[in-house]
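Below: the structure, in structure tokens.
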Amino acid sequence: MTARAGYDLHTHSAISDGTTSPSDIASEAARVGLEGFALTDHDTVDGWDEARAAASELGIDFVPGIEVTTRFGGGSRHVLGYGIDAVTGELFDALTRVRESRLSRARHMVKLISADYRITWDEVSGATPAVTIGRPHIADALVSAGYFVDRSTAFAEILHPGSQYYVPTYAIATDEAIRLIRMAGGVAVLAHPAANRQRAAVASESIRTFAASGLWGIELDHPENREEWLPPLRALATELDLEVTGSSDYHGGGKPNRLGERRTPASLVARLRELVKTPR
Ligand code: AMP
Ligand code: FE
Ligand code: FE
Ligand code: ZN
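With this note's numbering, you'll find the sequence shown wraps up at 550, consecutive numbering, no jumps.
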């Protein structure tokens, strides 16, 4: 038997827009030979207890995390927070507001979509245990009703930001989210900065601003990062002393990303743990 290697520091359960439970992710992590994994559901930490218990049962390491919905200069930016004490404080209040806005925004989008597609709000909200609702849940209802074959097709056809059915949602300013994560005792990592769904990689000036706000790392190893956009970001990470993480952004059956397909070395996770309030 080979030893388990590395950590997957970016995963989603059905508590947000993944399709499997937190304990399913722990089992899958053991199966694919990970040393450990972080659960980073969108805007909630409600899956931590289940993931932590399942990981402990299986003898693998759990890193508590979150992916915060933020915006900067008009663009949507996701920030990963690790090791936060999310039970109180300004971050908790900001996340509550983000989740509430997501809910009213999703209802609004479903109302617009239902003029042309036979789906209802009950079908969208009733089919999931999620505490953070997003477009993937609307996609699932459209797939169930037979309009599209999978989430990705529903996004490409009618859920993208340019769609007549798209409604924006409240997000925290990225630099503010980084400050709130640090105040809550965590470290912040900029998620998928060269994601191929964007028109371009996150601008260097933006990353400099985030670094000045206390950004700790940058997720350069991610299956959706576009390879040709990475060299300048690598140079910037070196210049600004940002740690480089690797993760899959697993969403169960909701995306093709496979758990553990990108990983972060154990030595970096050990350094991360020394910096945070909730290391496990
Ligand atoms: P929202 O949170 O409502 O803005 O929706 C964004 C989420 O949708 C992301 O976190 C992804 O998990 C998911 N997503 C975005 N694009 C796609 C796609 N093409 N296929 C499947 N899921 C997607
Ligand atoms: Fe997601
Ligand atoms: Fe993301
Ligand atoms: Zn994610």
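We put the CB at the ideal spot given by N, CA and C, even for glycine.
In this text, all values refer to a predicted model and were calculated from it rather than measured experimentally.
The nearest non-hydrogen atom of ligand 2 is 6 angstroms or more from the C-beta of Asp420. In the DSSP assignment, Val401 falls outside any alpha helix (DSSP H), carrying neither H nor E.
Shortest Cα-Cα distance from Met453 to any of Ala376, Gly335, Val546, Asp278 involves Val546. Taking 7 angstroms as the cut-off, the beta carbon of Ala324 is found no closer than this to the beta carbon of Ser346. For the segment 333-359, the full-length beta strand (DSSP E) segments reaching 3 residues or more read 345-352 along the chain.
For Glu320, the enclosing alpha helix (DSSP H) starts and ends at 318-328. For Val302, the secondary structure class from DSSP, reduced to helix, strand or coil, is coil. Residue environment analysis places Asn527 among the buried positions, since at least 16 neighbouring C-beta atoms fall within 10 angstroms of its C-beta. Three or more Cβ pairs closer than 8 angstroms define a contact, and the segment 426-444 meets that threshold against the segment 375-391.
In the structure shown, the three-state DSSP call for Phe418 is coil. Look at which beta carbons fall closer than 5 angstroms to any heavy atom of ligand 4; those residues are Glu337, Asp519.
Between the alpha carbons of Asn495 and Ser518 lies a gap of roughly 11 angstroms. Look at Ala481 here: in three-state DSSP terms it is helix. Our two residues, Ser414 and Asp511, have alpha carbons roughly 46 angstroms apart in a direct line.
Listed by position along the chain, the residues with Cβ atoms less than 7 angstroms from a non-hydrogen atom of ligand 2 are His282, Ser286, Asp287, His312, Gly404, Pro406, His521. Beta-bridge annotation (DSSP): Tyr520 is paired with Thr281. Residue burial annotation: Gly335 is buried, with at least 16 other C-beta atoms found within 10 angstroms of its C-beta. In the DSSP assignment, Asp491 falls within the beta strand (DSSP E) that extends over 487-491. Ligand 1 approaches Phe425 closely enough that one of its heavy atoms is under 6 angstroms from the residue's Cβ. Contact between Phe480 and Asp445 holds, since their C-beta atoms are separated by about 6 angstroms, short of 8 angstroms. A residue is called buried once 16 or more other Cβ atoms fall within 10 Å of its Cβ, and Val357, having fewer, is exposed. Take Ile448, set aside five residues on each side of it, and the residues of its chain with a beta-carbon closer than 7 angstroms to its own are Val349, Ala458, Phe480, Ser483, Gly484, Leu485, in chain order. Here Ala505 is exposed. Its C-beta has fewer than 16 other C-beta atoms within 10 Å.
With 16 or more other Cβ atoms inside 10 Å of its own Cβ, Gly404 counts as buried.
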